[in-house]
Ligand SMILES: Cc1cc2nc3c(=O)[nH]c(=O)nc-3n(C[C@H](O)[C@H](O)[C@H](O)COP(=O)(O)OP(=O)(O)OC[C@H]3O[C@@H](n4cnc5c(N)ncnc54)[C@H](O)[C@@H]3O)c2cc1C
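This is how it looks when you write it as structure tokens:
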């Protein structure tokens, strides 16, 4: 039975995330947005709080708290600072990927370091120029040698690329068409031949570095291969299914923060009993849509926790959450008029930060493709 009533572990993780959001992330968020750059101290504080591996087994250094705990923690943190939270989301995704697909040695070498901050943070290097929605079109190659592999190519838009101590990298290992020739590699950030580009100047999430990563004669040992040769596409898609729960949760946190800020503003401007009905109804729409998105997100997280398929449910959650959170931020801006546009208003930042949740880990169109393919599959099965 679908049961999302939080248990004691989930309560504890939410409280932990709420506390660190209040003490560390929220007070620094505006300044981080203005200054830009990677929030290393805050990320290390999240590691110290155990939040860099929420759904990673305890024996590998994680909290072992499950997918529902992860979702609620991300929402709490993104409510305070979406930029710092995306570094945490990618790290959790990388730690889960290595846990799921790694050999015992790969797991014991890397996962504790991803959880405790020794790797600082993990990065997920899939997208390339012209190969984001369609990663099967990637051009980065890994050539087998008698000492392991040599990687050549370039990746684009890699979150935390400036500071990551470990990159999960996808590369073509054969000329097999489409997704079949892709494999996955674990590449430490100090490997010769790996070069980090300058952080991009972005609309939002300015406190998260997004970089191009070049691989030029980048040599790694045979132990860098994650899962089997040619199975990389499956690894990436499974990682993104879980990642989409994280981004949906992030979007909900941003949307709720904007709605609460607009509600506070309306009460101050009009008085508790004087808020015009048009304003309060707009806020009611935002709250309702965000709760609906949160229920979809918790359903996907619950399915994942139960070990059941959750791919199209995660896509539904991300589609709904990112689009409704964007609408909520847009409404908050509209209600607050010029004050919402001011750089001193957090709503201005929320509006810029939320936009990318409709782009990364699959655009809204890609989520619609996943959902519509599932509808077609079920239709075929029912015939
Ligand atoms: C801030 C930021 C951080 C990121 N972090 C990472 C990261 O850490 N790791 C990583 O690997 N990538 C990362 N990305 C890349 C991101 O995942 C891609 O930008 C995204 O998947 C879109 O791919 P694309 O850029 O190739 O755009 P395109 O695929 O070229 O899309 C352009 C437009 O065409 C639409 N479109 C594409 N295909 C279809 C279709 N079949 N049907 C209908 N419409 C379609 C898209 O929805 C979009 O609107 C990040 C991006 C950003 C902006």
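In the numbering used here, the protein residues as written are 1 to 383. By construction, the Cβ of each residue, glycine as well, lies at the ideal position given by its N, Cα and C atoms. These numbers come from a predicted model, not from an experiment.
Does ligand 1 have even one heavy atom less than 7 Å from the beta-carbon of residue i?
i           : result
residue 159 : yes
residue 198 : no
residue 205 : yes
residue 126 : yes
residue 96  : no
residue 163 : no
residue 362 : yes
residue 262 : no
residue 385 : With the chain covering only 1 through 383, there is no way to say anything about residue 385.
residue 365 : yes
residue 71  : no
residue 359 : yes
residue 123 : yes
residue 174 : no
residue 134 : yes
residue 140 : no
residue 90  : yes
residue 356 : yes
residue 210 : yes
Only counting the same chain, and skipping five residues up and downstream in sequence, which positions put a Cβ closer than 7 Å to that of residue i?
i           : result
residue 240 : 361, 362
residue 185 : 142, 149, 151, 169, 171, 220, 224, 225, 226
residue 61  : 53, 111, 112, 115, 116
Distance cutoff 8 Å, beta carbons only. Does residue i sit that close to anything in chain D?
i           : result
residue 352 : Checking the listed chains, one finds no chain D in this structure; it contains a single protein chain.
Start and end of the alpha helix (DSSP H) containing residue i?
i           : result
residue 172 : Element bounds for residue 172: not the alpha helix (DSSP H) but the beta strand (DSSP E), 166-172.
residue 326 : 311-336
residue 304 : 277-305
residue 107 : 104-116
residue 145 : Not the alpha helix (DSSP H): residue 145 falls in the beta strand (DSSP E), residues 141-145.
Spatial neighbours of residue i within its chain, please: CB distance less than 6 Å, with the 5 preceding and 5 following residues excluded, ordered by chain position.
i           : result
residue 301 : 67, 68, 71, 245
residue 44  : 117
residue 81  : 25, 29
residue 305 : 66, 67, 68
residue 317 : 248, 296, 297, 300
residue 286 : 259, 328, 331
Which residues in the same chain have their Cβ closer than 8 Å to the Cβ of residue i, if we skip the five residues on either side of it in sequence?
i           : result
residue 365 : 133
residue 180 : 174, 230, 233
residue 136 : 178, 179, 182, 233
So, residue i versus residue j, is the Cβ gap smaller than 8 Å?
i           : j           : result
residue 321 : residue 297 : yes
residue 211 : residue 243 : no
residue 325 : residue 357 : yes
residue 165 : residue 120 : yes
residue 308 : residue 2   : no
residue 255 : residue 355 : no
residue 250 : residue 19  : no
residue 182 : residue 232 : yes
residue 90  : residue 131 : no
residue 27  : residue 83  : no
residue 16  : residue 49  : yes
residue 252 : residue 85  : no
Grab the span of the beta strand (DSSP E) containing residue i for me, first residue to last.
i           : result
residue 122 : 122-125
residue 27  : It is not in any beta strand (DSSP E) - residue 27 instead sits in the alpha helix (DSSP H) that spans 26-35.
residue 185 : 182-188
residue 215 : 210-220
residue 195 : 194-196
residue 148 : 148-159
Is it the case that the CB of residue i approaches a heavy atom of ligand 3 more closely than 7 Å?
i           : result
residue 371 : Although ligand 3 was asked about, the structure shown includes only ligand 1 as ligands.
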